[in-house]
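Numbering of the sequence shown is given in the UniProt record's numbering, commencing with residue 1 and proceeding in unit increments.
Heads up, the thing below is written out as C-alpha cells.
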Amino acid sequence: MSDATPSAGRTSAERLKAFTDGVVAIAMTLLVLPLVESVTDLGGEGRGVADFFVEEYGQIVSFALSFVLIANAWFTNHRVLARVEYVSPALMSLSVLWMFTIVWLPVPTAMLGSMPTDTLQKVVYIGSLIATAVVMVVIRVHLSRHRELHRFAPGELRSGILADSIVIALYLTALAVAIAVPAIGYWAMCVLFLVSPLHRLVTSAFDRRDAGRAA
1 MSDATPSAGR TSAERLKAFT DGVVAIAMTL LVLPLVESVT DLGGEGRGVA DFFVEEYGQI
61 VSFALSFVLI ANAWFTNHRV LARVEYVSPA LMSLSVLWMF TIVWLPVPTA MLGSMPTDTL
121 QKVVYIGSLI ATAVVMVVIR VHLSRHRELH RFAPGELRSG ILADSIVIAL YLTALAVAIA
181 VPAIGYWAMC VLFLVSPLHR LVTSAFDRRD AGRAA
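This is the structure in C-alpha cells:
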C-alpha cells in the first residue's frame, strides 16, 4: 500500500513519527555533551571525580532538568502522534517547528550551567519551553479542525489543549517568580507539579457547567 494519498493532500504519519523520535533522541543526547567535555578537560588537568561533581554541579542539574522536560514534551507529542494516521502539509510544518524548539533546548541548557544567572537567561530558557508547549497547542487545534487526519475520540483533543494551556500558564508563572524572586530562581518551575491537579479541577468545573446547562 502506498504511503501517499495525493487526492487528499496528505501522507502516512509513520515517517513523521519515526523522524520526530530520532530528532528528540539526538536533542537529548546533545544535552550531555558539555558534561563529557568537562570530564575530558578536568582529566587533562589531573583532576579527580570529586572535582567534576563539585565544579560541574550546576551543569549536572541543568542537564537533568532539561532531560526530564524534553522527555515530558516527547511523551506529550508521542501520545498525540500515536492517534494521527495522516499528515497534512500544515501538520508537517507544525511538527517541524515543534522539533526546532526541542533541538534548540540544549543551547539554553548549556547557558544554565556555564553562565551567570540573569533575567535574560531565565527568559531564554523558560521562554523556549513555553514555545514548545505553544506549538503543541497549535498542533492539537489543527487536528481538532481536521478529523480526517486522526483517531481521537470527541473531547480528547479539547482535554489536551486544556492541559497544554495549563502548562503554558504555569511556565509563565514560573518565569515571573524566577525573575521577581532571584533567590527562588529555577526552583519556581516546581509549579509544574500542579498541572494534573489543575487539569482535574478545571475539567470538573467544565463538566458541572455543562451538566447545569443540560438540566
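C-beta atoms are modelled at their ideal positions from N, C-alpha and C, and glycine is treated no differently.
- From the listed residues Leu-30, Ile-166, Arg-208, Gly-22, the smallest Cα separation to His-78 is found for Gly-22.
- Going by C-alpha positions, Ile-130 is about 16 Å away from Ser-95.
- Spatial neighbours of Val-167 in its own chain (CB-CB distance under 8 Å, excluding positions within 5 residues in sequence) are listed in chain order as Ala-133, Leu-192, Val-195.
- Short of 6 Å from the beta carbon of Pro-108, and not among the five residues preceding or following it, lie these beta carbons of its own chain, in chain order: Val-124, Tyr-125, Ser-128.
- A direct Cα-to-Cα measurement between Glu-56 and His-199 gives close to 37 Å.
- With fewer than 16 other Cβ atoms from the protein chains shown falling within 10 Å of its own Cβ, Thr-119 counts as exposed.
- Runs of alpha helix (DSSP H) with 4 or more residues, each lying fully within the stretch 3-81, are found at 14-30, 33-44, 49-55, 57-81, listed in chain order.
- With distances taken between CA atoms, Thr-173 lies nearest to Cys-190 out of Cys-190, Ile-161, Ala-183, Glu-85.
- Rounded to the nearest angstrom, the gap between the Cα atoms of Val-181 and Gly-58 is 19 Å.
- No Cβ-Cβ contact shorter than 9 Å links Gly-113 with Val-49.
- With respect to Ala-27, Leu-105 sits close: the two C-beta atoms are nearer than 9 Å.
- In this chain, Met-189 is not harboured by any alpha helix (DSSP H), its DSSP state being neither H nor E.
- Contact check between the stretch 82-94 and the stretch 145-152: three or more CB pairs, one atom from each, fall below 8 Å, which counts as touching.
- With fewer than 16 other beta carbons inside 10 angstroms of its own, Asp-207 counts as exposed.
- According to the DSSP assignment, Gly-160 belongs to the alpha helix (DSSP H) that extends over 156-180.
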